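Structure, as C-alpha cells:
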Amino acid sequence: MIDLHSHILPGVDDGSPDLKTSLKLAQIAVNQGIDKMLLTPHHMDGKYINNKKSILAKTASFQSELNSHDIPLEVRAGQEVHLNGNLLTAIEQDNVLFADEQHHYMMLELPHNEVPEYTNDMVFELQLKGITPVVVHPERNRGFQKSPDKLYELVDHGCLTQLTASSYLGGFGKKVQKFTNDIIKAKLGFTFASDAHNLAGRNFKMKPAYDLLGKNDYKLSMKYQQNAQSIWNGKSIQSFNISHINSKSRLENLIHRLF
C-alpha cells in the first residue's frame, strides 16, 4: 500500500514530536502493509510553514534512520499545502512539494470550516500549470458537509480527493463516517490515506479501511489502491462516473448539524 498523507516526520508540526515516535509509527505502517509513504507536514496553514528545502533535508535524514533501523519503508518529501492567496506565489518561488516527482499532483487542504469563494478560481489556475489538486479529507470539511454539491463541482472540474481511512471506520464520529460513505457511494472519493499523527488516537487504519471497503465493493477497493499508486507515480487517473450526494443524505446531514 501507498500512504499519501501522513504526519510522521518528527518535530515539524502537530504530528510526531520526535524520532523515537516516528520510528514506531513507521514500523506500525509497515506491519499494515504500507511500503511507500508521502510525508506531508502542514504548510502555509496559518500556524506552520514547512519550506521545501527544509522538508527535503529532513526527509532524507529520516530515510537514513529508517534504513539504519531496518524498517522497509520508502518515504518521499511532501506537504499538506493549505489553500490560501499566497499559494501561486509559493509555487512560483519553488517552495511547494508535490505527491509525485513529475509535479502533477498536489495534496491540497482547504480551511476546515469552509470552502472559500475563490477555490474554483484557484483550482483553475493550478490546472493551467498542469497541477491536479488532490483535496485531502473532504469528509471532515464543514463546508462540504453543509453543501455537498461544492465537492461534486470540484471533482467535476478535475480535482481528485483523498479520504481519511479512520473517517471511514468511524474514528471521527458517526456524522463524518456517514458523510464518508456518501462520498464513496457518489464516486467522489479516489483513495484512502492515513493522515497519521500519533501513536494513540490518530494512527494507521488503512488496512482495515481497505478490508471494509473490499467487503462492500472489492473492485472499488482495488481501484482506490491503484489510484494511490498512480498519484505516486505521476500517472493519469481514469475518472469515475460521479453523481451528486442524494437529497436524503443532505437532509440527514442537516439533522446531524442541528442535533
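Numbering (our numbering), first residue to last: 28 to 286.
The beta-carbon is built from N, C-alpha and C at its ideal position, and this holds for glycine as well.
Just so it is clear, the structure is predicted and the values come from calculations on it, not from any experiment.
For residue i, the three-state DSSP class (helix, strand or coil)
{"i": "residue 274", "result": "In this prediction, residue 274 has a pLDDT of 48, which is less than 50 and means its spatial position is unreliable; nothing more can be read from the coordinates."}
{"i": "residue 213", "result": "coil"}
{"i": "residue 166", "result": "helix"}
{"i": "residue 190", "result": "strand"}
{"i": "residue 64", "result": "strand"}
{"i": "residue 104", "result": "strand"}
{"i": "residue 176", "result": "helix"}
{"i": "residue 33", "result": "strand"}
{"i": "residue 39", "result": "coil"}
Nearest candidate by alpha-carbon position, reference residue i, set the options
{"i": "residue 41", "options": "120, 154, 248 and 70", "result": "70"}
{"i": "residue 111", "options": "122, 138 and 203", "result": "138"}
{"i": "residue 173", "options": "253, 101 and 202", "result": "202"}
{"i": "residue 104", "options": "213, 265, 197 and 125", "result": "125"}
{"i": "residue 143", "options": "168, 260, 161 and 130", "result": "168"}
{"i": "residue 287", "options": "48, 117 and 235", "result": "Since the first and last residues shown for the chain are 28 and 286, residue 287 lies out of range."}
{"i": "residue 272", "options": "239, 205 and 221", "result": "205"}
{"i": "residue 184", "options": "267, 258 and 140", "result": "267"}
{"i": "residue 157", "options": "130, 222 and 249", "result": "130"}
{"i": "residue 254", "options": "242, 243 and 237", "result": "237"}
{"i": "residue 96", "options": "109, 115 and 47", "result": "47"}
{"i": "residue 235", "options": "74, 196 and 148", "result": "196"}
Proximity below 8 Å, CB of residue i to CB of residue j
{"i": "residue 292", "j": "residue 55", "result": "Residue 292 lies beyond the residue range present for the chain, which begins at 28 and ends at 286; the question has no answer from this structure."}
{"i": "residue 178", "j": "residue 150", "result": "no"}
{"i": "residue 85", "j": "residue 39", "result": "yes"}
{"i": "residue 298", "j": "residue 33", "result": "Residue 298 lies beyond the stretch modelled for the chain, which goes from 28 to 286, so this question has no answer here."}
{"i": "residue 37", "j": "residue 62", "result": "no"}
{"i": "residue 207", "j": "residue 251", "result": "no"}
{"i": "residue 210", "j": "residue 165", "result": "yes"}
{"i": "residue 72", "j": "residue 152", "result": "no"}
{"i": "residue 127", "j": "residue 258", "result": "yes"}
{"i": "residue 239", "j": "residue 247", "result": "no"}
{"i": "residue 213", "j": "residue 270", "result": "yes"}
Whole-Å CB distance - residue i paired with residue j, under 8 Å assumed
{"i": "residue 51", "j": "residue 226", "result": "6 Å"}
{"i": "residue 170", "j": "residue 190", "result": "16 Å between Cβ atoms; not a contact."}
{"i": "residue 233", "j": "residue 192", "result": "5 Å"}
{"i": "residue 122", "j": "residue 78", "result": "6 Å"}
{"i": "residue 132", "j": "residue 261", "result": "7 Å"}
{"i": "residue 107", "j": "residue 146", "result": "Rounded, the Cβ-Cβ distance is 16 Å, inconsistent with contact."}
{"i": "residue 93", "j": "residue 220", "result": "That belief does not hold up - the Cβ atoms of residue 93 and residue 220 are roughly 19 Å apart, past 8 Å."}
{"i": "residue 59", "j": "residue 231", "result": "5 Å"}
{"i": "residue 102", "j": "residue 120", "result": "Residue 102 to residue 120, Cβ: 24 Å. No contact."}
Exercise. Quick one: which unbroken alpha helix (DSSP H) runs of 4-plus residues sit fully inside the region 207 to 264? Chain order, please.
Key: Complete alpha helix (DSSP H) runs here, min 4: 233 to 243 and 245 to 260.
Exercise. Within the region 82 to 156, note down every full beta strand (DSSP E) run reaching 3 residues or more, in order along the chain.
Key: Runs found: 101 to 104, 107 to 109 and 132 to 136.
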